[in-house]
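To keep things clear, I will list the structure first and then write my remarks on it.
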Amino acid sequence: MAAPLPEPTTALASTLATAAPPPLPSLITSRRLRSQRLGRALRLWIPAGFLILMLALCFLWPLVYQLPSPTNGNIIQASEPPFSPGHWLGTDQVGVDIFSQIVYGGQEAFEVSVAATLIGIAIGATIGVVAGYFGGWVDAVLSRILDILLAFPALVLALAISEGLGPSKLHLIWALSFFSIPFVGRIARGSTIVLRSAPFMTAARLAGTRGWRIIVRHVLPSIIPAIVTVSLLGVGIVIIVEGALDFLGYGIPPPNPSWGSMIAQGQTVLTAQPEYVLIPSLFLLVTVVALNMLGDALRERWGVQ
Amino acid sequence: MALVQQIQLQGGPGARDRARRAAGSPALRMVGRRLLAAIPVLFGVTLLTYAVFSALPNDTAQAVLGLRASPAQVAALNHTLGLDQPFWVRYGRWLGGVLHGNLGTSLEGQSVNSELATHLPVTLELLAYALVVSLLLAIIVAALAARRPNGIIDRLSLVVSMLGLSAAPYAFAFLLIIVFAVKLGWFPVVSGSLGSSPASWFKALTLPAASIGFPLFAVYTRILRADMVEQMQREDYIVTAKAKGVAPWRVLIKHALRNSMFTLITVVGLNLGTLVGAVAIIETVFSVPGIGNDLLTGISNHDVPLVEGIVLVFALITVLGNLLADLLYAVLDPRIRYGSSTS
């Protein structure tokens, strides 16, 4: 289905001809320029800072400070409100510290979603690059597979896998990677097709470089920005879906804490203590907002699409 | 071709002529071609569902009969359900039934057709409610935002849509429940029965529709706003319209918005498929008696016929949604004529 490889002559001709006149020098004051630069830096570093903070909270904090157990609580200290001594976010109905549930649940959320996205990048990018680079029937077959994966309700698949194989972290990761594979695959294919007619690709082919070498040395480095930005959005989506699976009882196996299962448990006392639902939801929201904003900022900086 | 036959069957003078003209219409041919192209995708999706459920360890009969059932009883039930046969035989039998309009019998003994007939309308109403409201709001907000890029409304819309993009639908649903159902008491917490009057329907479905619609509103607003801002800055016809003195609002609505609708329609069509997950979860949270709720019970019961039926319906909705989007392009842009040699 894809367009045939361009003739080297036309590609060369299009590089030699100057297509568009150079843009006019913009009339902009140095002050305006400085504030624009500052804005751009802030858009990148504020979400990045939040993410670093969340990661440090989840992974470093428990190494430095002794946290109460995230699974066992003291029933005498049950349902304590936030800011009580020893439990600064309070305790849940059976006396388990909420802050340490947030910390350990956050670890699970980050580990699972990053692992699932990495699998998605490994498999999805391979499929996408191969489809985009070789074109022809290879592209037709691989694109149909991606289409079916996209049209297939991935939540059904994830639920079926967790339900059938029993809840475990590894199954959860594989189930969630079905979200990221077609997602990354489509972007990788699109970016590769755009690259195919780039002058340096023609040059590499004319120099007699082998196909696989072109993919590894020329295609992959050029599509990495697109894949990184889309993966950041992907991690955000996967964290939300992971929470949904926890929420439905098919995620991180109990008694390990997770944000989704905290929301599900808080549901039972929604009227009396809405904070059980609100606290994990807030952490979830901040994390995903930071991921999305970082993805936007990097896309702007790298000029992806 | 079926259409041709159908029209021919109506008989009467000139019917054959009309049929030929209908079959020759490029738009109809496009619809036919797209429906044909959808068949492999529908086939792949249902086959994949069957394959996943067959590959998983299967103890359906044991689960139905309980732990005390003897191996002989389990084997007997497996035989009646056809579960002792290889997977392609079962899939083939199911597919044969589907082609005759029969989606099979669920494990609870009900026909999947009747299950869908009672629960599908609720889900469709919920989806339509969420889609229409989020689209209307997105168009209004995006137009207001694009009128003055970087103005107050624009920044506010960016913040709200970023929140909508990042909020987990289930968490947002609980926030709505806490505020509007528990504190203010405007809407019921549980939408189990829809009632018969429009008022009770509205009351029961508003919070679920808002939970599904808010992320959609965020996506639509972001895309439409970005597209409209770009149009207003780049396109020649905008400059022309402004130069000949068209009022700013008119330029925005009649020129920029109309052309930005293409992007929006594409996104709406593509997004339909991803709604399954949100619908299933939100229907569970609010106990809405729709097929999303059925889907989750079906999965936890290993009820393959029920799950297959629902997956097929959702895949069909996606395919038809994309087709509708393509047809709407032609309505919006008279230059697009499907099937003609110039397009």
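As given, the protein sequences belong to chains A and B, one line each in that order.
So for the first sequence, this note's numbering puts the first residue at -11; every next one is plus one.
So for the second sequence, this note's numbering puts the first residue at 4; every next one is plus one.
For every residue, glycine included, the Cβ atom is placed at its ideal position computed from N, Cα and C.
Could you tell me the distance, in whole angstroms, from the CA atom of residue 139 of chain B to the CA atom of residue 146 of chain B?
Residue mapping note: residue 139 of chain B aligns to position 136 of the second sequence, counting from 1. Residue mapping note: residue 146 of chain B aligns to position 143 of the second sequence, counting from 1. Those two C-alpha atoms are separated by around 11 Å.
Starting from the beta carbon of residue 222 of chain B, find every residue of chain A whose beta carbon is closer than 7 Å, and list them in chain order.
Mapped onto the second sequence, residue 222 of chain B falls at position 219. None at all; the shortest Cβ gap to chain A is about 12 Å.
Restricting to runs no shorter than 4 residues, where is the alpha helix (DSSP H) found entirely within the segment 173 to 257 of chain A?
Correct list: 187 to 194, 199 to 202, 208 to 236, 247 to 254.
Using only the alpha-carbon positions, how far apart do residue 292 of chain B and residue 286 of chain B sit?
For the purposes of this step, residue 292 of chain B is identified with residue 289 of the second sequence, where counting begins at 1. For the purposes of this step, residue 286 of chain B is identified with residue 283 of the second sequence, where counting begins at 1. Looking at the two C-alpha atoms, the distance is approximately 7 Å.
If we ignore side chains and look at the alpha-carbon of each, how far apart do residue 259 of chain B and residue 235 of chain B end up?
Looking up residue 259 of chain B in the second sequence gives position 256. Looking up residue 235 of chain B in the second sequence gives position 232. The straight-line gap from Cα to Cα measures roughly 6 Å.
Can you find the residues in the same chain that come closer than 6 Å, C-beta to C-beta, to residue 152 of chain B, ignoring five residues on each side of it along the sequence?
Translated into the one-based positions of the second sequence, residue 152 of chain B becomes position 149. Closer than 6 Å at the Cβ level, and outside the excluded window around residue 152 of chain B, lie 232.
Can you give me the C-alpha to C-alpha distance between residue 160 of chain B and residue 266 of chain A, rounded to a whole angstrom?
Position 157 of the second sequence, counted from the first residue, corresponds to residue 160 of chain B. Position 278 of the first sequence, counted from the first residue, corresponds to residue 266 of chain A. Roughly 23 Å between the two C-alpha positions.
Here's a check: name, in chain order, each residue in its chain whose Cβ is nearer than 8 Å to the Cβ of residue 281 of chain A, leaving out the five neighbours to either side.
Looking up residue 281 of chain A in the first sequence gives position 293. Cβ neighbours of residue 281 of chain A beyond the five flanking positions: 31, 34, 35.
Would residue 167 of chain B pass as an interface residue toward chain A - the criterion being a Cβ-Cβ separation below 8 Å?
One-based indexing of the second sequence puts residue 167 of chain B at position 164. No, residue 167 of chain B does not count as interfacial toward chain A.
Going along chain B in order, which residues have a C-beta closer than 9 Å to the C-beta of residue 231 of chain A?
Translated into positions along the first sequence, residue 231 of chain A becomes position 243. Residues of chain B passing the Cβ test: 171, 173, 174.
How would you write the range of the alpha helix (DSSP H) that residue 209 of chain B sits in, first residue to last?
In the second sequence, residue 209 of chain B corresponds to position 206, counting from 1. Taken as a continuous stretch (DSSP letters only), the alpha helix (DSSP H) holding residue 209 of chain B covers 201 to 237.
Got a sec, what are the start and stop residues for the alpha helix (DSSP H) residue 275 of chain A sits in?
The count along the first sequence starts at 1 and reaches residue 275 of chain A at position 287. 263 to 290 is the extent of the alpha helix (DSSP H) around residue 275 of chain A.
Counting only Cβ-Cβ distances shorter than 9 Å, please list the residues of the segment 94 to 105 of chain A near chain B, keeping chain order.
Listed by position, the residues of the segment 94 to 105 of chain A near chain B (Cβ gap below 9 Å) amount to none.
Around the C-beta of residue 218 of chain A, are 16 or more other C-beta atoms found within 10 angstroms, so that it is buried, or is it exposed?
As a position in the first sequence, residue 218 of chain A is number 230, starting the count at 1. Burial call: buried.
From what residue to what residue does the alpha helix (DSSP H) around residue 297 of chain B run?
Reading the second sequence from its first residue, position 294 is the one you call residue 297 of chain B. Per DSSP, residue 297 of chain B belongs to the alpha helix (DSSP H) from 294 to 303.
Could you name each continuous alpha helix (DSSP H) segment of 4 residues or more that falls completely within the segment 83 to 165 of chain B, going from the start of the chain to the end?
Listed in chain order, the complete alpha helix (DSSP H) runs (minimum 4 residues) inside the segment 83 to 165 of chain B are 90 to 102, 115 to 150.
Identify, in the order they occur along the chain, each residue of the same chain with its Cβ nearer than 6 Å to the Cβ of residue 147 of chain A, setting aside the five sequence neighbours on each side.
To locate residue 147 of chain A, count along the first sequence from 1; it is residue 159. Only 238 meet the Cβ criterion.
Which two residues bound the contiguous alpha helix (DSSP H) that contains residue 24 of chain A?
For the purposes of this step, residue 24 of chain A is taken as the residue at position 36 of the first sequence. It spans 18 to 43 - the alpha helix (DSSP H) in which residue 24 of chain A sits, taken as one unbroken run.
Whole angstroms are fine: how far does the CA of residue 113 of chain A sit from the CA of residue 104 of chain A?
Along the first sequence, read from residue 1 onward, the residue named residue 104 of chain A stands at position 116. Along the first sequence, read from residue 1 onward, the residue named residue 113 of chain A stands at position 125. Whole-angstrom Cα-Cα distance: 13 Å.
So is residue 216 of chain B in contact with chain E if we call contact Cβ pairs under 8 Å?
In the structure shown, chain E cannot be found, because the protein chains are A and B.
So, under 8 Å CB-CB, residue 403 of chain B and residue 222 of chain B are touching, yes? Tell me the CB distance rounded to an integer number of Å.
The structure shown does not extend to residue 403 of chain B, since chain B is modelled only from 4 through 346, so no value can be given for it.
Is residue 235 of chain A buried or exposed, if buried means 16 or more other CB atoms sit within 10 Å of its CB?
Here the question's residue 235 of chain A lines up with position 247 in the first sequence. Answer is buried; the Cβ neighbour count reaches 16.
Buried or exposed for residue 150 of chain B, please, with buried defined as at least 16 other CB atoms from any protein chain shown within 10 angstroms of its CB.
Here residue 150 of chain B is taken as the residue at index 147 of the second sequence, counted from 1. Label assigned to residue 150 of chain B: buried.
Looking at residue 306 of chain B and residue 110 of chain B, is the spacing between their C-beta atoms short of 8 Å?
Residue numbering aside, residue 110 of chain B sits at position 107 when the second sequence is read from its first letter. Residue numbering aside, residue 306 of chain B sits at position 303 when the second sequence is read from its first letter. Yes, the pair counts as a contact, with Cβ atoms nearer than the cut-off.
Which whole-angstrom value describes the C-beta separation of residue 257 of chain A and residue 81 of chain A, a residue pair presumed to lie in contact below a C-beta threshold of 8 Å?
Working through the first sequence from its first residue, we reach residue 257 of chain A at position 269. Working through the first sequence from its first residue, we reach residue 81 of chain A at position 93. Right, the Cβ-Cβ distance comes to about 6 Å (below 8 Å), so this counts as a contact.
Along the alpha helix (DSSP H) that carries residue 147 of chain A, what are the first and last residues, could you check?
As a position in the first sequence, residue 147 of chain A is number 159, starting the count at 1. Start and end: 142 to 153.
In chain order, what residues of the same chain lie with their CB nearer than 8 Å to the CB of residue 156 of chain B, ignoring the 5 residues before and after it?
The residue given as residue 156 of chain B occupies position 153 in the second sequence. Taken in chain order, the residues that qualify are 144, 147, 148, 150.
If you pair each beta-carbon of the segment 126 to 140 of chain B with each one of the segment 245 to 260 of chain B, do three or more pairs fall below 8 Å?
No, the segment 126 to 140 of chain B is not in contact with the segment 245 to 260 of chain B.
Cβ of residue 288 of chain A within 7 Å of any heavy atom in the ligand PLP?
As for the ligand PLP, it is missing from this structure, which has no ligand bound.
How would you list, in chain order, the residues of chain B whose beta-carbon sits under 7 Å from the beta-carbon of residue 140 of chain A?
In the first sequence, counting from the first residue as 1, residue 140 of chain A sits at position 152. The answer, in chain order, is 48, 51.
Rounded to whole angstroms, what is the Cα-Cα separation between residue 273 of chain A and residue 42 of chain A?
Residue 273 of chain A sits at position 285 when you count from the first residue of the first sequence. Residue 42 of chain A sits at position 54 when you count from the first residue of the first sequence. Rounded to whole angstroms, residue 273 of chain A to residue 42 of chain A spans 12 Å at the Cα level.
Please confirm if residue 89 of chain A has its CB atom under 8 Å from at least one CB of chain B.
As a working note, residue 89 of chain A is residue 101 in the first sequence. No, because no Cβ of chain B sits closer than 8 Å to the Cβ of residue 89 of chain A.
For residue 86 of chain A, which of A:253, A:169, A:149, A:132 has the nearest alpha-carbon?
The residue you call residue 86 of chain A lines up with position 98 of the first sequence. Measuring from the Cα of residue 86 of chain A, the nearest candidate turns out to be A:253.
How many Å lie between residue 244 of chain B and residue 336 of chain B at the Cα?
In the second sequence, residue 244 of chain B corresponds to position 241, counting from 1. In the second sequence, residue 336 of chain B corresponds to position 333, counting from 1. In a straight line, the C-alpha of residue 244 of chain B is about 18 Å away from that of residue 336 of chain B.
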